[in-house]
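The structure appears right after this line, and notes come after that.
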Amino acid sequence: MTQKEGVLLDTSAWIAFFSPTGHDVLKQEVRTALQEERVHVCPVVISELLVGARDRKAVARLADLLSALSDAPIRQETWRRAADLGFSLRRKGHSVPLPDLLIAAICSEASLDLWHLDGHFEVVAPCAKIKTRSFL
């Protein structure tokens, strides 16, 4: 049996997953990946999710839930990789937000597939040499 790849969900994918309606395919795929313990989180996505929480109680619940997942850290080299990625993309005419560059750099370093609903990642993927799955 082949080992399935680890995945990191972008903030956009988590928001869709937690939404009470829509995104049925994404929700089923995320449930499966969670059951298989393939889902990782990173500080950028955790921060973005917690900033968007409704209240302190939601922040605590969400932080507790996310802390149970495998962590893909941001190392010092990650920041430089994100900067190099952003520089390369800008030279090609693409301006990508820093959080997206960091997420892509983290996925590249940790060899994680990136699941998302954010068009930036399809532009970033070839340059970052990461595999993505768009649920757009």
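Note that the numbering used here has the sequence shown beginning at -6, numbered continuously upward. Ideal Cβ positions, reconstructed from N, Cα and C, are used throughout, including at glycine.
Just measuring C-alpha positions, the residue of R24, K(-3) and I123 sitting nearest A9 is R24. By alpha-carbon distance to V116, the top candidate from F128, A53 and A97 is A97. The C-alpha of D93 lies about 7 Å from the C-alpha of H113.
Counting every other CB atom within 10 Å of its CB across the protein chains shown gives D111 a total of 16 or more, marking it as buried. Annotation: the continuous beta strand (DSSP E) that includes L2 extends over V0 to L2. Taking a C-beta distance under 8 Å as the contact criterion, L42 and L62 do not qualify as a contact pair.
Judged by DSSP in its simplified three-state form, H87 adopts coil rather than helix or strand.
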